[in-house]
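Written below as structure tokens is the structure these notes are about.
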Amino acid sequence: MKKTLSFSLFDTGETILGALIFSTFFPLYITKHIDTKIYSYTYSFAFLVSFLFALHLGKIADRYALRKQFFITFVLITTLMCISLFFTTNFPVLSLLIFVLMAVSHQQSFVFYNSLLLDFQSRGLASGIGVSFGYIGSAVALIFLADKLSIPIVYLVVAFLFLILSLPSMVFLENPKISTSVSLKEIFKDRKFLLTIVSILSITEVANTLIAMMGIYLKKVFGFEDIFVYKVIGLSAVGGILGGIFWGFLSDRFSATKIFPIGFFIWSLLLLTLPFVTSETVLLFGFFAGFSLSHLWTVSRVYIIEEFPAKEVSTRMSFLSLTERIAATTGLFIWGTLLYLTNDNYPLSAASMSIFPLIGFFIYLLSKKIT
Numbered sequence: 586m587k588k589t590l591s592f593s594l595f596d597t598g599e600t601i602l603g604a605l606i607f608s609t610f611f612p613l614y615i616t617k618h619i620d621t622k623i624y625s626y627t628y629s630f631a632f633l634v635s636f637l638f639a640l641h642l643g644k645i646a647d648r649y650a651l652r653k654q655f656f657i658t659f660v661l662i663t664t665l666m667c668i669s670l671f672f673t674t675n676f677p678v679l680s681l682l683i684f685v686l687m688a689v690s691h692q693q694s695f696v697f698y699n700s701l702l703l704d705f706q707s708r709g710l711a712s713g714i715g716v717s718f719g720y721i722g723s724a725v726a727l728i729f730l731a732d733k734l735s736i737p738i739v740y741l742v743v744a745f746l747f748l749i750l751s752l753p754s755m756v757f758l759e760n761p762k763i764s765t766s767v768s769l770k771e772i773f774k775d776r777k778f779l780l781t782i783v784s785i786l787s788i789t790e791v792a793n794t795l796i797a798m799m800g801i802y803l804k805k806v807f808g809f810e811d812i813f814v815y816k817v818i819g820l821s822a823v824g825g826i827l828g829g830i831f832w833g834f835l836s837d838r839f840s841a842t843k844i845f846p847i848g849f850f851i852w853s854l855l856l857l858t859l860p861f862v863t864s865e866t867v868l869l870f871g872f873f874a875g876f877s878l879s880h881l882w883t884v885s886r887v888y889i890i891e892e893f894p895a896k897e898v899s900t901r902m903s904f905l906s907l908t909e910r911i912a913a914t915t916g917l918f919i920w921g922t923l924l925y926l927t928n929d930n931y932p933l934s935a936a937s938m939s940i941f942p943l944i945g946f947f948i949y950l951l952s953k954k955i956t
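Per the working numbering, residue 586 is the first one in the sequence shown, and the count goes up by one each step.
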């Protein structure tokens, strides 16, 4: 239980970092000094660099069994970069450079954090509790911290919380000892793996869109006041907390391989029923949305470990991390296009996105046919 708690606490710290710095305070600060388009392009470039970096570092980690060492290194670098932002508030360009380095380092730490699941016997439960703790971290950050912090002190507070919550993983989690020489060329030729990644991307696209647009959707369609929007989002967090434990338990009980494809149908159902949601049933929808999100984040990383060579876990986890980054861009682009085509018909646009999980399911079926 100590290992599972340690693993989960990092998810809490990582989510606090994401909610307060990456999603809130820094974007609001930097876009006052630098054009939003430049910030967006720079941030997107950071994701590309991060993926290329993770590929090569993952290869080294798998070759020499350095997964925990790299995890610790990048946790410390991320913390240092976050602290550095405290001292560069008056230098926006320098702040942006440090932020990019922090984003790259943060992504590396998460890749190697996921690979530490390899050393757990109950991987599903560890992954699920981690997701649950992540939801708790996000709720705590937004409800109790966001309105009490400001720039630049927020950088010191979040850096401290991130480091403290990462320490148990750094101390108590074991480094998976297995190692192998990884060929990136062979991984890129692994059609089953690449199809699996694309199928995960099909769900991640709609998941990221739901997260980004839920508040806007509730206001545009139902005209809710902010306080009720917060209730819906809050109940979705409850769904995520319970869902993480539920999907983690099922993954251990029946294997992530059997639980993973359920996600395609959950997301299709969620989107297809969205146009029929009323103001009386929207709280239930919020709960189900969080429950669905927890399936994606709990099961996908365990599925990668179960289905593909464990010795290459760090390298392959870098692809899983990439799906999150691509989805954050493509999902919103698709959503915007659908709104344009439907003349801002939000319910119809949401229902139309159900095609992507269905496409993902057929891609998943193709991957299963490859031996």
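Note that beta-carbon positions come from the ideal geometry of N, C-alpha and C, so glycine has one too.
query	result
Contiguous beta strand (DSSP E) assignments of at least 3 residues, all confined to the stretch 636-670	none
Alpha-carbon spacing of residue 911 relative to residue 792, whole angstroms	12 Å
Where residue 675 falls, given that 16 or more other Cβ within 10 Å makes a residue buried	exposed
Assigned secondary structure, residue 611 (DSSP; H/G/I helix, E/B strand, else coil)	helix
Exposure of residue 596, with buried meaning 16 or more beta-carbon neighbours within 10 Å	buried
Host alpha helix (DSSP H) of residue 793 (start-end)	776-807
Buried versus exposed call for residue 625 [16 or more other C-beta atoms within 10 Å across all chains shown]	exposed
Close beta carbons around residue 652, own chain, < 7 Å, minus the five adjacent residues each side	646, 697, 700, 701, 760, 761 and 899
Distance between beta carbons of residue 727 and residue 952, contact taken as under 8 Å	About 37 Å separates the two Cβ atoms, so there is no contact after all.
Residue 825, buried or exposed, once every other Cβ within 10 Å from all chains shown has been counted against 16	buried
Residue 714 beta carbon less than 7 Å from that of residue 971	Any question about residue 971 goes unanswered here, given that the chain covers just 586 to 956.
Member of 796, 813, 889 and 877 whose CA lies at the smallest distance from the CA of residue 957	In the structure as shown, the chain begins at 586 and stops at 956. Residue 957 is therefore absent and cannot be evaluated.
Separation of residue 693 from residue 907, as counted between CA atoms	11 Å
Residues near residue 616 by beta carbon distance below 8 Å, same chain, minus five either side	624
Helix, strand or coil at residue 934 [DSSP, three-state]	helix
Beta-carbon contacts of residue 914 that lie in its chain and below 8 Å, excluding the five residues immediately before and after	629
As assigned by DSSP and simplified to three states, the class of residue 767	coil
Collapsed DSSP secondary structure at residue 837 in the structure displayed	helix
Sequence ranges, alpha helix (DSSP H) only - wholly within the stretch 703-753, length at least 4	708-725
Nearest candidate by alpha-carbon position, reference residue 808, set 770, 598, 636 and 864	864
Candidates 800, 873, 858 and 867: closest to residue 831 by CA position	873
Assigned secondary structure, residue 862 (DSSP; H/G/I helix, E/B strand, else coil)	coil
In chain order, each alpha helix (DSSP H) run of at least 4 residues that lies wholly inside the stretch 842-915	847-858 and 867-892
Counted within 10 angstroms of its Cβ, other Cβ atoms place residue 718 as buried (16 or more) or exposed	buried
CA-to-CA distance, residue 787 to residue 829, given in whole angstroms	20 Å
Assigned exposure category for residue 603 - 16 Cβ within 10 Å defines buried	buried
Cβ contact check for the stretch 871-887 and the stretch 833-853: 3 or more pairs under 8 Å	yes
Three-way DSSP call (helix, strand, coil) for residue 586 in this model	coil
Simplified DSSP assignment, three categories, for residue 677	helix
Assumed close pair residue 712, residue 833 - CB separation to whole angstroms, cut-off 8 Å	6 Å
Extent of the continuous alpha helix (DSSP H) to which residue 952 belongs	940-954
Distance CB(residue 901)-CB(residue 766) smaller than 7 Å	no
CB contact flag (residue 745, residue 849, <7 Å)	no
Euclidean distance between Cα positions of residue 955 and residue 783	15 Å
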